[in-house]
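Trainee: Mapped onto the working numbering, the consecutive letters of the sequence shown carry residue numbers 1 to 262. Let me give you the structure first, and then I'll get to my questions.
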Amino acid sequence: MTGYRTILFERKDAVARITLNRPDKLNSFTGGMLSELQAALAEVAADPGLRALVLAGSGRAFGAGQDLREAHAVDSPAAVGEHLARYYDPAMKKLAALEIPTLASVNGIAAGASCGLALGCDLIVAARSATFLMAFARIGLVPDGGSSYWLPRRVGLTRALGMTLLAEPVTAEQAERWGLIWECVDDDALASRTEALAQQLANGPTRAYALAKRAFHGSGTNSFEQQLALEAELQALAVGTADAREGIAAFLEKRTAKFSGR
Ligand code: T3D
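Following this line, the structure appears as structure tokens:
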């Protein structure tokens, strides 16, 4: 799909970049933006040439969650369920299902469901001035957009509940200390660090990354025995890839591996 209005979608070599682009409303989500996000994620999934995805926000925010002006129209229990099922859930599921590494580049506040979107990425790098705000309780709502799934898995129940019940912003430095994000960098280094991480991921063993993601996603519900069986199953797939052959050959030949993503 071309002609996106509320997001920017770019591809540069093997890296895709989706930028939420309603800066005057702090990139808050409208139904239209979430539909475009779904479409862009489907484009990413369908392109075998892509080996990493960056999600970012334009202007001074990463995102401010649901557009609360539009949300006024979604004020009945049935309507909110339909709204989430139509707009949020497909986007968050498509993001989680991507078989390439995903990187959130958080330039400013990530509030509400936008915090959920960042949490749904594999890695999060944030500018020092960025903050993470589980804003839901401020307006009498509960976490959604996948945030109630990802947040306790990243930081544990104590911090997940603290962030949710107190609804106070967590700084990027604090988020790094807690393990909520991978890395906090100076504001003027965010773009270059994002690019470097995206390139590193795009040059990596893409199939092995996908299988590793599948292993971690499975570990949430599997028993230890089931997880060992899953590891064996996934390793059998990994060992058959060109990248595994290249990685082992490169080690034995004392050279840097050149992964093709196959
Ligand atoms: O219906 C459903 O599907 C339910 C789903 C819910 C999912 C959710 O995400 S619920 C959580 C929704 N988000 C929030 O509650 C956060 C609301 N925003 C804020 O609390 C603040 O804007 C921030 C703390 C994020 C930033 O504050 P500040 O002072 O830096 O900026 P600001 O002045 O408040 O906002 C700047 C502009 O963005 C302003 O527009 P204006 O007045 O200049 O025309 C503001 O209204 C707009 N804006 C910010 N957040 C939203 C928004 N407009 C609509 N919806 C927003 N969420």
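Just so you know, even glycine gets a beta-carbon here, dropped at the ideal spot from N, CA and C.
Classify I139: buried if its beta carbon has 16 or more other beta carbons within 10 angstroms, exposed otherwise.
Mentor: Exposed, by the Cβ-count rule.
Trainee: Quick check: does the Cβ of K25 come within less than 6 Å of any heavy atom belonging to ligand 1?
Mentor: Correct: K25 has its Cβ closer than 6 Å to ligand 1.
Trainee: Would you list the residues sitting across from A56 in a DSSP beta bridge?
Mentor: Paired residue(s): T19, S105.
Trainee: Anyone know if the C-beta pair for Q38 and P101 falls short of 7 Å?
Mentor: Not a contact, by the Cβ cut-off of 7 Å.
Trainee: Should the segment 67–82 be regarded as contacting the segment 114–131, the criterion being three or more beta carbon pairs within less than 8 Å?
Mentor: With a cut-off of 8 Å, the segment 114–131 and the segment 67–82 do not count as touching, because too few Cβ pairs lie within range.
Trainee: In or out: P205 buried (at least 16 other Cβ within 10 Å) or exposed?
Mentor: Buried, because 16 or more other Cβ atoms sit within 10 Å of the Cβ of P205.
Trainee: Going by DSSP, what residues sit across from L123 in a beta bridge?
Mentor: Paired residue(s): L103.
Trainee: Can you tell me the Cα-Cα spacing of A249 and L50, whole angstroms?
Mentor: Approximately 25 Å, taken between the alpha carbons.
Trainee: Please give me, in chain order, every unbroken run of the beta strand (DSSP E) with length at least 3 that falls completely inside the segment 30–79.
Mentor: Counting only runs of 3 or more, we get 52–57, 61–63.
Trainee: Does at least one heavy atom of ligand 1 sit under 6 Å from the Cβ of F136?
Mentor: Because some heavy atom of ligand 1 lies under 6 Å away, the Cβ of F136 counts as near it: yes.
Trainee: Would you say F9 and I18 are within 7 Å of each other, going by their C-beta atoms?
Mentor: Cβ atoms of F9 and I18: closer than 7 Å.
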